[in-house]
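Report on the following structure.
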Amino acid sequence: MNKDDNQLNKKILLFGQHNLQITLLNGYISQFTGIDSEPVDGNHWNRNYDTGTHYLALIDVSEGGSERLVPLLDHLCDQDADITVAFFNVVDNAEVEQLILWPMVKGVFYREGSQEHLCRGIEGIFDGEYWLPRQLMGEYLERTRQRPRHHDEANILTRREKQILQYTATGATNTQIAQALNVSMHTVK
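Here it is as structure tokens:
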């Protein structure tokens with residue numbers, strides 16, 4: 002399969018304020034990656050997307066706080082189409098640290114990054130890779146990691162304790178449990 006055949010069902014949606022910078026970036030991305038790219042301004046993002054196309058929603062975060070992106074992310078997440086999200090023009094991790102929790106977010110690109118890096122990242126994301134900065138991923142892992150629970154913790158109960166719990170779960174009283182198991186009430190308690 003040649004490169005053109007591989008790009009037929011891929012499309013980049015460049016979300017941001019329609020200005021010269023976005024127009025130039027759109028042209029550069031299309032030329033460098035060979036993937037069709039379309040600028041989408043804030044007034045036209047609420048639409049339905051073709052289910053036969055793999056979209057990359059490349060979202061400019063320089064236009065304001067991350068809370069303004071939640072309605073857009075909600076809309077994209079609700080689509081039946083194959084949509085992946087990446088953010089660009091990121092100044093610091095605080096802007097996007099909550100946004101990377103969304104399941105379709107696979108990329109973050111900083112404002113000081115090069116256009117070549119952005120385009121390599123776009124190609125990588127279309128190939129199934131994550132393009133998230135190591136520092137951001139490290140901070141995320143530090144916040145969310147917990148000690149794994151061991152499955153054998155339930156086995157620390159004795160056979161008799163497990164029997165008592167089974168009777169308790171059925172609603173039996175302590176007296177009924179003691180009589181059924183032939184043990185004293187103090188053992189049940």
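With this note's numbering applied, the sequence shown covers 2 to 190. All residues carry an ideal CB built from backbone N, CA and C; glycine is no exception.
Cβ shell of N47 (< 8 Å), same chain only, five flanking positions each side left out: H76
Between the CA atoms of I157 and A173 - distance to the nearest angstrom: 23 Å
Suppose you measure from the CA of C120 to the CA of E113; what does that come to, to the nearest Å? 14 Å
DSSP puts E39 in a beta bridge; with which residues? L14
Which of the three DSSP states is assigned to A58 in this structure? strand
To the nearest angstrom, report how far apart W103 and L166 are at their CA atoms. 40 Å
Near N27, what residues of its chain come up, given a Cβ to Cβ distance below 7 Å and the 5 sequence neighbours on each side ignored? L15, S38 and P40
In the structure shown, what three-state DSSP assignment does G139 receive? helix
Rounded straight-line distance, which links the Cα of G122 to that of T169: 57 Å
Please report the distance separating the alpha-carbon of N94 from that of K163. 49 Å
Collapsed DSSP secondary structure at G66 in the structure displayed: coil
Can you tell me which of the three DSSP states A95 falls into? helix
Skipping 5 residues on each side, what residues in its chain have a beta carbon closer than 8 Å to that of N175? M186, V189 and K190
Distance, Cα to Cα, N20 vs D42? 9 Å
Per the DSSP calculation, V109 is bridged to which residue(s)? F88
So what does DSSP say about D83, is it helix, strand or coil? strand
Excluding the 5 residues flanking T24 on each side, which residues of the same chain have their C-beta closer than 7 Å to its C-beta? P40
Excluding sequence positions up to five away, which residues of its chain have a Cβ less than 7 Å from the Cβ of M105? L77, C78, I84, T85 and V86
If the criterion is Cβ atoms closer than 9 Å, does the pair I60 and F89 meet it? yes
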